[in-house]
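K.L.:
2 protein chains.
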Amino acid sequence: MVNENRTLIADAFSKTGEQVELCGWVHRVRNLGGVRFIVLRDRSGQMQLVSDADFPLPVESVICARGTVRASDKAPGGAEIALESYNVLAQAAPDLPVAVNQDPGGLSLGAILDNRMISLRNPKLLAIFRIQAVCVQAFGDFFRSEGFTEIKSSKIIGGGSEGGTNLFPLDYFGKKAYLAQSPQLYKQAMVAAGLERVFEIGHAYRAEKHETPRHINEYVSLDVEMGFIDSERPLIELERRFMAYLFETVRRDNARELGLWEADVPNPESCDAIPIVSYDEAKDIVKKTTGQRVMDVNPEAERVLCDWAQKEHGIAMVFINDFPRRKRPFYAYPRDQKTMSFDLLFRGLEITTGGRRIHEYPMLLEALPKYGLKESDLGAYMDIFKYGCPPHGGFALGLERITQKILGLANIKEATLFPRDRQRVAP
Amino acid sequence: MVNENRTLIADAFSKTGEQVELCGWVHRVRNLGGVRFIVLRDRSGQMQLVSDADFPLPVESVICARGTVRASDKAPGGAEIALESYNVLAQAAPDLPVAVNQDPGGLSLGAILDNRMISLRNPKLLAIFRIQAVCVQAFGDFFRSEGFTEIKSSKIIGGGSEGGTNLFPLDYFGKKAYLAQSPQLYKQAMVAAGLERVFEIGHAYRAEKHETPRHINEYVSLDVEMGFIDSERPLIELERRFMAYLFETVRRDNARELGLWEADVPNPESCDAIPIVSYDEAKDIVKKTTGQRVMDVNPEAERVLCDWAQKEHGIAMVFINDFPRRKRPFYAYPRDQKTMSFDLLFRGLEITTGGRRIHEYPMLLEALPKYGLKESDLGAYMDIFKYGCPPHGGFALGLERITQKILGLANIKEATLFPRDRQRVAP
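Chains A and B, in that order, are what the protein sequence lines are.
Everything in the first sequence is counted per our numbering, starting at 1 for the first residue and increasing by one.
Everything in the second sequence is counted per our numbering, starting at 1001 for the first residue and increasing by one.
(1) Whole angstroms is fine: what's the gap from residue 297 of chain A's alpha carbon to residue 1102 of chain B's?
(2) Give the secondary structure of residue 1343 of chain B by DSSP, where H, G and I count as helix, E and B as strand, and everything else as coil.
(3) Which residues of chain A have a Cβ atom closer than 8 Å to the Cβ of residue 1140 of chain B, listed in chain order?
(4) Have a look at residue 1258 of chain B and residue 299 of chain A and give me their C-alpha separation to the nearest angstrom.
(5) Residue 326 of chain A to residue 1226 of chain B, Cα distance in whole Å?
(6) Quick check for students: name the residue ranges of the beta strand (DSSP E) that lie wholly in the region 315-380 of chain A, counting only runs of 3 or more.
(7) Among residues of its own chain, excluding the 5 on either side of residue 1100 of chain B, which ones have a beta-carbon nearer than 6 Å to its beta-carbon?
(8) Using the C-alpha atoms, what's the distance from residue 1380 of chain B back to residue 1367 of chain B?
(9) What are the residues in the region 1179-1192 of chain B lying within 9 Å of chain A by C-beta distance?
(10) Tell me which residues of the region 1034-1051 of chain B have at least one Cβ-Cβ distance to chain A shorter than 8 Å, keeping chain order.
(11) If distances are taken between C-alpha atoms only, which option among B:1263, B:1085, B:1290, B:1244 comes closest to residue 1269 of chain B?
(12) Which residues, taken in chain order from the region 376-403 of chain A, show a beta carbon closer than 8 Å to some beta carbon of chain B?
(13) On a Cα-Cα basis, can you pick out the residue from A:386, A:343, A:95 that is closest to residue 1388 of chain B?
(14) Expressed to the nearest angstrom, what Euclidean distance is found between the alpha-carbon atoms of residue 429 of chain A and residue 72 of chain A?
(15) Should residue 265 of chain A be flagged as near chain B, meaning a C-beta pair shorter than 8 Å?
(16) Any beta carbon of chain B sitting closer than 8 Å to that of residue 406 of chain A?
(17) Ends of the beta strand (DSSP E) at residue 158 of chain A?
(18) To which residues does DSSP link residue 215 of chain A through a beta bridge?
(19) Pick out whichever of B:1179, B:1028, B:1232 has its Cα sitting closest to the Cα of residue 1059 of chain B.
(20) In chain A, what lies closer than 9 Å to residue 1172 of chain B by C-beta?
(21) Helix, strand or coil for residue 1245 of chain B? Go by DSSP, reduced to three states.
(22) Taking the Cβ atom as the reference point for each residue, do residue 316 of chain A and residue 310 of chain A lie within a distance shorter than 8 Å?
(23) Going along the region 1047-1081 of chain B in order, which residues come within less than 7 Å of chain A, judged by CB to CB distance?
(24) With a 10 Å radius around its C-beta and 16 neighbouring C-beta atoms as the bar for buried, classify residue 175 of chain A as buried or exposed.
(25) Is the region 1126-1139 of chain B close to the region 1172-1186 of chain B, with three or more CB pairs under 8 Å?
(26) Determine whether the Cβ of residue 1221 of chain B lies closer than 8 Å to any Cβ atom of chain A.
(27) I'd like to check one pair, residue 1022 of chain B with residue 1042 of chain B: are the Cβ atoms closer than 8 Å?
(28) In chain order, what are the residue ranges of uninterrupted alpha helix (DSSP H) at least 4 long that sit wholly in the region 60-131 of chain A?
(29) Going by DSSP, what residue range makes up the beta strand (DSSP E) through residue 21 of chain A?
(30) Name the DSSP beta bridge partners of residue 169 of chain A, please?
(31) State the beta-bridge partners of residue 1203 of chain B as determined by DSSP.
(32) If I measure Cβ to Cβ from residue 1222 of chain B and keep anything under 7 Å in the same chain, skipping five residues before and after, which residues do I get?
(33) Suppose you measure from the CA of residue 45 of chain A to the CA of residue 350 of chain A; what does that come to, to the nearest Å?
(34) Is it the case that the region 1287-1295 of chain B contacts the region 1081-1092 of chain B, given that we only count it when at least three CB pairs across the two stretches are under 8 Å?
(35) Excluding sequence positions up to five away, which residues of its chain have a Cβ less than 8 Å from the Cβ of residue 1374 of chain B?
(36) Rounded to a whole number of angstroms, what is the C-alpha to C-alpha distance between residue 157 of chain A and residue 1415 of chain B?
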């Protein structure tokens, strides 16, 4: 049975004078002059229980506690429970490896991740993933409302889709296969198959040996692809509207979580002001701002550009388009010596790469050798274009990067439930 | 730019007398006595264009066509376009490997899958995945409305979570890792971390060498886990309500797709009548119905049980609970010699396995040796229970199996966009 008598803590504060039963984890126990103050935690919040009797359970034990709600100016939230009885659902061992009732700022990233099963109990760390869940929901809701259909493509592929480097090899029934770097080919295939507008929420894998605060080897890619566009501009305008919707949703649904982190999303309305600059203009802005000439829009340049956008346009976000061909894959649609492609930077970090793709079979055949590719390397991918594909394009957002930047987290691994890096495959 | 003048085909039928521009794929071309009847297809439907002039494009070419909508009793849908002009967005090669404008019943499964990039253009085959998208959406919407939080757990694991057999090994930076068989441990971890109610939509991998119409090696698992329950019954009642919601949603949102397959979901209201029988009772029912004694509830028994339920309870679905311990993993919560676990059968196929899990650390330590396991085999998993875990349980639904059974497809691969089996890793 579900316990029919249980009251969620968030609902208990308004039940002054009533007898309630709360179920949750023992978050904190203090003994002040013989009075025990026990903070109980459930999925909805925390509440103080007060008792004169001994309370022998270690923190993190799970109990159901009964008592009467009474108003109290001193209690957090303005009410507490006079504890009358409780029963134990699970008693915790007393040697908790990391404290979960203190600000996690005192813990190293290693300690947080090595003890992931426990550290996630810290309400501030768990809040990260409540925000992430809302980001996933907002993504699906927004694109469905725009006529997009969700797809689920395979993550096991026979060969590399975008050059073949940085792939994790897999023993697939004695044959070599790989984990997919992105659903790029599949989302294009589904546009061409007639869905026209598709999105996918799925894992992507990059066997890159980097060790930076912005990279993980397995991440959740929020992918979008749409047909019947003739440049990257409709994609940029679509993403601009999505970002406004995302910020509006997170601000509304995650007020408590944002509060714990003293963080906020940009004003949704200011998404209208996100500037669009070309790749060359972006380098010029960096030069004008810092006096330094940069060859690439590197991570330092991304930070400079977002600071510039905050100052000049009131929001720390920038679209960069017109990337040179050498910076983009073979399928990027050319415009003179540039491509109809773009990045979106958010608070100093690239969170999106996208663009129009080549949809014309002859143009694609012409492009391949410039990238050291031939038609047979691409297998069934070429069929998409050989048999009639509308002009199209799309983009992908990194879920963990968005979460990281909303909260201002130093390392992307903090925004990943069970992060995978070169050293870490557990827990 | 997005073409501002474009009208979706579904919207064009009501615009009699108006000039419209339609964009899509040339689905069919017929020449009847010098009059060309061209069926154009877009994501919203199909419409006939009529022209006296030559129409030289192969089917599947992508065009934007302009003309006036006129009522016609003979035209499908009651209206057609008098074609005035068109431009070509992409010309298809004339050697289409499989026809996409005929009933796919004439194609072998091999032909459909070998030419997947093209066969998906067949509106009847594409309809499968429009229904699947609605199933995914309904799953998220329902469980969010019940207070569940979505999680995204890692699919790369250091060791086997449920015995270690049937895992795909992976070369992870020179070390051996595996693809996860299920998010089982992670969803339990997130219940214990304080979310209490979680769901995940993600891929699961089984390196099983089977070749059956109900197995694929990579599938989408719809996972649910919830805390503060004391048997499998609340899980069964929760899933019963979800199935009713799912059928209601598919019937409402996928009427066109169900029509193409001449299929229907069960009456949502009849989900109240889905019987719950114990594992032993299930075997008795099979014996009474067929005269044959079965040792296991095998695939043939699953079909018999669903036929029985249809006849006796008006719906071809059965919950089976009280599975014996030997049939369930180490974490299944015992009840006498049985377990608090269940399956759900739908139209002759198991689509769910679930149950209450052991949440008490001492009970888990006692159970492990019976399954040939020791505490150190389970790594951080044991921390979940050592430090206070509420009673909990959950279940998982196979997305492709649900889709298969809604439409009555012979093989689960038909319900998988890019299926992976022993032989197939492409496209």
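Where a beta carbon is used, it is the ideal one built from N, C-alpha and C, also for glycine.
Please read all numbers here as calculations on a predicted model, not as lab measurements.
P.N.:
In short, the structure shows the following:
(1) On the first sequence, position 297 is the one that residue 297 of chain A refers to. On the second sequence, position 102 is the one that residue 1102 of chain B refers to. Cα atoms of residue 297 of chain A and residue 1102 of chain B: separation of roughly 51 Å, rounded to the nearest angstrom.
(2) Position 343 of the second sequence holds residue 1343 of chain B. In the three-state reduction of the DSSP assignment, residue 1343 of chain B falls in the strand class, which pools E and B.
(3) Here residue 1140 of chain B refers to the residue found at position 140 when the second sequence is read from its first residue. Going along chain A in sequence order, the residues near residue 1140 of chain B (Cβ under 8 Å) are 137, 140.
(4) Here residue 1258 of chain B refers to the residue found at position 258 when the second sequence is read from its first residue. Here residue 299 of chain A refers to the residue found at position 299 when the first sequence is read from its first residue. Spanning the two alpha carbons is a distance of roughly 50 Å.
(5) Translated into positions along the first sequence, residue 326 of chain A becomes position 326. Translated into positions along the second sequence, residue 1226 of chain B becomes position 226. C-alpha separation (whole angstroms): 50 Å.
(6) Counting only unbroken stretches of 3 or more residues, the beta strand (DSSP E) elements lying wholly within the region 315-380 of chain A are 317-321, 341-346, 349-357, in sequence order.
(7) Counting from 1 along the second sequence, the entry for residue 1100 of chain B is found at position 100. The answer, listed in chain order, is 1121, 1122.
(8) Numbered from its first residue, the second sequence carries residue 1367 of chain B at position 367. Numbered from its first residue, the second sequence carries residue 1380 of chain B at position 380. Each residue's Cα considered, the two are about 17 Å apart.
(9) Interface annotation for the region 1179-1192 of chain B against chain A: 1179, 1185, 1186, 1189, 1190, 1192, criterion Cβ-Cβ distance under 9 Å.
(10) Those residues of the region 1034-1051 of chain B that come within reach of chain A (Cβ to Cβ, closer than 8 Å) are 1041, 1042, 1043.
(11) To locate residue 1269 of chain B, count along the second sequence from 1; it is residue 269. If we check each option's Cα against that of residue 1269 of chain B, B:1244 comes out closest.
(12) Result list: 379, 380, 381, 383, 384, 385, 386, 387, 388, 389, 390, 391, 399.
(13) Position 388 of the second sequence, counted from the start, is the residue given in the question as residue 1388 of chain B. Nearest C-alpha to residue 1388 of chain B: A:95.
(14) Coverage of chain A is limited to positions 1 through 427, which leaves residue 429 of chain A absent and any answer about it impossible.
(15) Residue mapping note: residue 265 of chain A aligns to position 265 of the first sequence, counting from 1. So no, residue 265 of chain A is outside the interface.
(16) For the purposes of this step, residue 406 of chain A is identified with residue 406 of the first sequence, where counting begins at 1. At a cut-off of 8 Å between C-beta atoms, residue 406 of chain A does not count as an interface residue with respect to chain B.
(17) Start at 1 with the first residue of the first sequence, and residue 158 of chain A comes out as number 158. From DSSP, residue 158 of chain A is part of no beta strand (DSSP E); its letter is neither H nor E.
(18) On the first sequence, residue 215 of chain A is found 215 positions in, with the first residue counted as 1. Bridge partners of residue 215 of chain A: none, in fact.
(19) As a first step, residue 1059 of chain B is located in the second sequence; it is residue number 59 there, counting from the start. Just measuring C-alpha positions, the residue of B:1179, B:1028, B:1232 sitting nearest residue 1059 of chain B is B:1028.
(20) On the second sequence, position 172 is the one that residue 1172 of chain B refers to. Within chain A, the residues near residue 1172 of chain B are 168, 207, 217, 420, 422, 425.
(21) Here the question's residue 1245 of chain B lines up with position 245 in the second sequence. Note: residue 1245 of chain B maps to helix in three-state DSSP.
(22) Within the first sequence, the letter at position 316 stands for residue 316 of chain A. Within the first sequence, the letter at position 310 stands for residue 310 of chain A. In this structure, residue 316 of chain A sits near residue 310 of chain A, with a CB-CB distance shorter than 8 Å.
(23) Listed by position along the chain: 1060, 1061, 1062.
(24) Your numbering for residue 175 of chain A matches position 175 in the first sequence. Sixteen is the threshold: since fewer than 16 other Cβ atoms of the shown chains lie within 10 Å of the Cβ of residue 175 of chain A, the residue is exposed.
(25) Flag = no, the region 1126-1139 of chain B and the region 1172-1186 of chain B do not touch.
(26) For the purposes of this step, residue 1221 of chain B is identified with residue 221 of the second sequence, where counting begins at 1. No, residue 1221 of chain B does not count as interfacial toward chain A.
(27) The sequence position of residue 1042 of chain B within the second sequence is 42, counting from 1. The sequence position of residue 1022 of chain B within the second sequence is 22, counting from 1. Cβ distance < 8 Å, so residue 1042 of chain B and residue 1022 of chain B count as in contact.
(28) Complete alpha helix (DSSP H) runs here, min 4: 109-114, 116-119.
(29) Walking along the first sequence from the start, residue 21 of chain A turns up at place 21. Where residue 21 of chain A is concerned, the enclosing beta strand (DSSP E) stretches over 19-32.
(30) Counting from one through the first sequence, the residue named residue 169 of chain A turns up at place 169. Partner residues in the beta bridge of residue 169 of chain A, as assigned by DSSP, are A:178.
(31) If you number the second sequence from 1, residue 1203 of chain B lands on position 203. Beta-bridge partners of residue 1203 of chain B (DSSP): B:1220.
(32) In the second sequence, counting from the first residue as 1, residue 1222 of chain B sits at position 222. Around residue 1222 of chain B: 1139, 1201, 1396, 1397, 1399.
(33) Sequence index remark: in the first sequence, residue 45 of chain A carries index 45 (1-based). Sequence index remark: in the first sequence, residue 350 of chain A carries index 350 (1-based). Distance between the alpha carbons of residue 45 of chain A and residue 350 of chain A is about 34 Å.
(34) With the rule of 3 Cβ pairs closer than 8 Å, the region 1081-1092 of chain B does not count as touching the region 1287-1295 of chain B.
(35) In the second sequence, the residue the question calls residue 1374 of chain B occupies position 374. Taken in chain order, the residues that qualify are 1368.
(36) The residue given as residue 157 of chain A occupies position 157 in the first sequence. The residue given as residue 1415 of chain B occupies position 415 in the second sequence. The straight-line gap from Cα to Cα measures roughly 18 Å.
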